[in-house]
Every structure is written in C-alpha cells, then in structure tokens.
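Residue numbers (the numbering used here): 4 to 107. Glycine included, C-beta positions come from ideal geometry on N, C-alpha and C. Note that the coordinates shown come from a computational prediction; the quantities given were computed from them, not determined experimentally. Encoded as structure tokens, the structure appears first; notes follow it.
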C-alpha cells in the first residue's frame with residue numbers, strides 16, 4: 004500500500020458583504036494511505052477523451068476534517084487536483100474516493 008501526503012481542499016462559504024456569500028477554499032495537509040490506484044478514459048463529445056481515475060485515499064482525520072468532511076471538494080495527487088466523489092467515515096480515518104479532474 005502506497006503512502007499519501009498532500010493537500011485536501013475544503014470549500015467554505017463566507018459573507019463578503021451583507022447578503023453576498025462567496026466560496027472560499029481552505030487547503031490542509033494530511034497523511035494517509037493510497038488504497039486503490041486505477042486510471043481510465045471516459046469518452047466525451049470533445050476531441051480527446053477525459054481522464055478518469057478511481058482511486059481511494061484513506062487519511063488520518065483531525066478534528067477539522069471530522070467536523071468539515073462534508074466540505075471536502077478535492078484532493079491533490081501527483082500534481083493535479085482530483086474531485087472527491089464519495090466519503091466513507093471510518094473513525095479515526097476518512098476514506099476519500101476520487102474521480103475526474105477538479106475544475107473549481
């Protein structure tokens with residue numbers, strides 16, 4: 004099993020002006036294990052196929068991650084940001100399933 008260390012992005016909302024809310028990304032670094040590591044291509048209407056991975060990363064969650072797991076939007080892996088598609092809570096760990104490239 005490969006080890007993981009990298010950024011995980013949490014999307015939070017804050018009020019910039021009265022009545023105006025903006026999304027703000029907070030990045031935190033986590034340790035964990037790369038449980039599943041697969042890659043494939045998904046056909047699309049564009050010229051090139053989209054890259055799609057089906058990886059699972061198990062991180063050791065701290066208090067912030069346990070309280071804000073529903074705000075996790077991406078994981079940095081191999082220099083790219085990947086969209087989190089599913090979160091499985093296995094205290095004290097969170098197992099994050101990732102899919103396509105994050106375009107946030």
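Sheet register partners of residue i (DSSP bridge)
i: residue 101; result: 58 and 87
i: residue 3; result: In the structure as shown, the chain begins at 4 and stops at 107. Residue 3 is therefore absent and cannot be evaluated.
i: residue 80; result: 83
i: residue 12; result: 30 and 77
i: residue 70; result: Partner(s): none; residue 70 has no beta bridge.
Beta-carbon proximity check, residue i vs residue j, cutoff 7 Å
i: residue 97; j: residue 78; result: no
i: residue 32; j: residue 10; result: yes
i: residue 74; j: residue 13; result: yes
i: residue 7; j: residue 60; result: yes
i: residue 95; j: residue 68; result: no
Nearest residue (CA-CA) to residue i, options the options
i: residue 101; options: 94, 30 and 85; result: 85
i: residue 103; options: 4, 17 and 41; result: 41
i: residue 36; options: 106, 5 and 29; result: 5
i: residue 62; options: 17, 93, 107 and 30; result: 93
i: residue 88; options: 20, 80, 19 and 105; result: 105
i: residue 76; options: 30, 17 and 18; result: 30
Inter-stretch contact (C-beta, 8 Å, three-pair minimum) for the stretch 54 to 64 and the stretch 16 to 27: Between the stretch 54 to 64 and the stretch 16 to 27, the count of C-beta pairs closer than 8 Å stays below three; the two stretches do not touch.
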